[in-house]
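Which chain is which? The protein sequence lines are A and B, in order. Taking this note's numbering, the leading residue of the first sequence gets 1, the next gets one more, and so forth. Taking this note's numbering, the leading residue of the second sequence gets 67, the next gets one more, and so forth. Glycine included, every Cβ here is placed at the ideal spot set by N, Cα and C. If you're wondering where the values come from, they're calculated on a predicted model, not measured in any experiment. Notes for the one structure printed next.
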Amino acid sequence: MADEDKTTDGKKPASLLGQPLRVINVGLERFAEDLAAHGTTVQHVRWAPPAGGDARLADLLSKLGS
Amino acid sequence: MEKIEKANTEALRRLLAGDPVLVDVVPAGEAIEGLGKHHILHAGPPIGWERMCGPLRGAIMGIAVFEGWANDLKDGAAKAEAGAFRFEPNHDYGAVGPMTGMTTQGQPVLVVENRTFGNRAYCAINEGLGKVMRFGGNDAEVLARLAWLRDTLGPALGRAIRETGGIPLKPIIARGLTMGDEMHQRNVACSSLLLRILAPWLARTSKDSEALARCLDFIGKNDQFFLNVAMTVGKALTDPARGIEGSSLVTAMCRNGTDFGIRVSGVGDTWFTAPVEMPVGLYFPGYTANDANPDMGDSAIVETVGLGAFAMAAAPAVVGFIGAGPASGAARFTRSMGEITAGNNPEWAIAMLDGLGVPTGIDIRLVVETGIVPNINTGIAHRRPGMGQVGAGIVKAPMLCFTQALEAFAAKLGVVY
């Protein structure tokens, strides 16, 4: 194991795939639904770019303090 | 921006500080200044006869006959087309009306006074379910019921309510929220609570026991009787929040079956409109979405003050009735609307959400930023004149209204892209 794979306390990190997955899903809810349907513990975070990605409206919003 | 935050704080304060009291029922021509002959107030933003949908035309033909301004429905349509009637939004006269929202001089209107700010709001009496004018009905049965409201129930309610000295409405709504009402598609608790207050006063002021019995029976059998009261409350609460410079909060949402319109406090009385959407919901037996008219009515004023779809968590039974998913998902609607509102109303708490107040004060900035538009619980009218209600559902306010309003709001503040 290379040094860069060790944590700061020198211990080997637990394998991600060697334990039950717990997922935080950001954005597209369908990904969370699919994971949940397969029994995975998932917490969905609803997020979308401001103003649906419309740069002009997003700029206005930022100037209006939103 | 500090100016906006200050203005919104004041707008929200006014929305929450109102004290709506039911003080009277009188003919609209007496209560509403400037409402005269051949003058028809309708739901939604301004619209001319040529762009009106079927149910709105049907109601106008019917109300013209009811008021004696047309010999029959056909004559009413011809006169409307020839420009014999003046059409204006209810909102311009301190009034609101469900669905087609007919308000004319001869109809009795509920009078709600906001005792904190002194303004008054008006709405016609709910006609009950089935074939009714608010859904575009206009046959002899519909007109006869309107005549009974004008000649019997309206005056009886006026006498009784005046004797009470005024009925405070916020406490009734607060209690209704704990009994499963959201005040748009479910009003059974508040209708019953109001009748409980009204009944003895109706009895004391009545000289005709048979007429009294019919009044009590009509109110008692109409689960939506309180809808028009709640709408009048909404109008009475929102009007004092109009015209606050720098406020991005919504002061009205309404539809006329063709257009959806909103008003924003800091942009005066300008309407921001977009094509109204079709409700998604459940249909009565024998009807489908092909029969439905796009959404209509001033009733979205209840959502504007945090009721209706905004208070869905209080009314899980409504979720199933309007086909919006499982009842267990009711809280999701309220939480979602909480993301686009400036605050909560502590006087209208939802037990299901551990006493959280209904989300209040729709901020156009939050709507545009999040992409979450207001949900509205609604009835669905048949698209043809004279047919009536065919279902109930939920509809979303068009985003275009909010983006237009945001640009105008920014321009008013001198903020440009």
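- T230 (chain B): member of the alpha helix (DSSP H) spanning 220-230, first to last residue.
- Three or more Cβ pairs drawn from the region 462-479 of chain B and the region 41-60 of chain A lie within less than 8 Å of each other, which places the two stretches in contact.
- Where P266 (chain B) is concerned, the enclosing alpha helix (DSSP H) starts and stops at 254-270.
- Beta-bridge partners assigned by DSSP to F153 (chain B): B:I106.
- In this model, S402 (chain B) and T230 (chain B) are separated by some 39 Å (Cα to Cα).
- If only uninterrupted beta strand (DSSP E) runs of at least 3 residues are considered, those enclosed by the region 115-173 of chain B are 152-155.
- Taking a Cβ-Cβ threshold of 8 Å, the residues of chain B close to L64 (chain A) are M67, I70, S314, R431, L472, F475, A476, L479, V481, in chain order.
- Contact annotation: in the region 48-63 of chain A, residues whose CB is within less than 7 Å of a CB in chain B are A48, P50, A51, G52, R56, L57, D59, L60, L61, K63.
- A residue is called buried when at least 16 other Cβ atoms come within 10 angstroms of its Cβ; V330 (chain B) meets this threshold and is buried.
- A direct Cα-to-Cα measurement between F284 (chain B) and L264 (chain B) gives close to 13 Å.
- Take A318 (chain B), set aside five residues on each side of it, and the residues of its chain with a beta-carbon closer than 7 Å to its own are H157, T304, I328, R329, I367, T370, in chain order.
- Only residues of its own chain outside the window of five on either side were considered, and among them none has a CB closer than 8 Å to the CB of K11 (chain A).
- Below 8 Å, enough C-beta pairs join the region 175-185 of chain B and the region 84-100 of chain B to call them touching: three or more.
- Take the alpha-carbon of I126 (chain B) and the one of F292 (chain B): they are about 24 Å apart.
- A Cβ-Cβ distance of about 6 Å is found for the pair Y483 (chain B) and L60 (chain A), placing them in contact under the 8 Å criterion.
- Closest by C-alpha distance to A206 (chain B), out of B:I430, B:L176, B:I129, is B:I129.
- Secondary structure note for R449 (chain B): it is in no beta strand (DSSP E), with a DSSP letter that is neither H nor E.
- In chain A, no part has a C-beta under 7 Å from the C-beta of T75 (chain B); the shortest such distance is about 13 Å.
- Taken atom to atom, the span from the alpha-carbon of M118 (chain B) to that of S314 (chain B) is near 30 Å.
- Residue state for T324 (chain B) is assigned as coil, using DSSP reduced to three classes.
- With a threshold of 8 Å between beta carbons, E435 (chain B) makes contact with chain A.
- If you check each beta-carbon in the region 284-304 of chain B against every beta-carbon of chain A, none falls closer than 9 Å.
- In the DSSP assignment, R216 (chain B) falls outside any beta strand (DSSP E), carrying neither H nor E.
- For N25 (chain A), DSSP records a beta bridge to A:H44.
- In this structure, the beta-carbon distance from A377 (chain B) to V385 (chain B) does not fall below 8 Å.
- For T339 (chain B), not one C-beta of chain A is nearer than 8 Å to its own C-beta.
- Beyond the five residues adjoining it in sequence on each side, L223 (chain B) comes within less than 6 Å, by CB distance, of V91 in the same chain, given in chain order.
- Bridge partners of N411 (chain B) according to DSSP: B:V424.
- Of the residues B:K236, B:G332, B:E76, the one whose Cα lies closest to the Cα of I430 (chain B) is B:G332.
- Here E276 (chain B) is exposed. Its C-beta has fewer than 16 other C-beta atoms within 10 Å.
- Residue contact with chain A for T469 (chain B): present (Cβ-Cβ distance below 8 Å to some residue of chain A).
- Membership of P360 (chain B) in any beta strand (DSSP E) is not indicated, and neither H nor E is assigned to it by DSSP.
- Beta-bridge partners of C189 (chain B) (DSSP): B:L176.
- Taking the Cα positions, A393 (chain B) is about 49 Å away from A148 (chain B).
- Per DSSP, the continuous alpha helix (DSSP H) segment holding Q470 (chain B) begins and ends at 465-478.
- Taking the C-beta atoms as reference points, A161 (chain B) is found no nearer than 8 Å to I70 (chain B).
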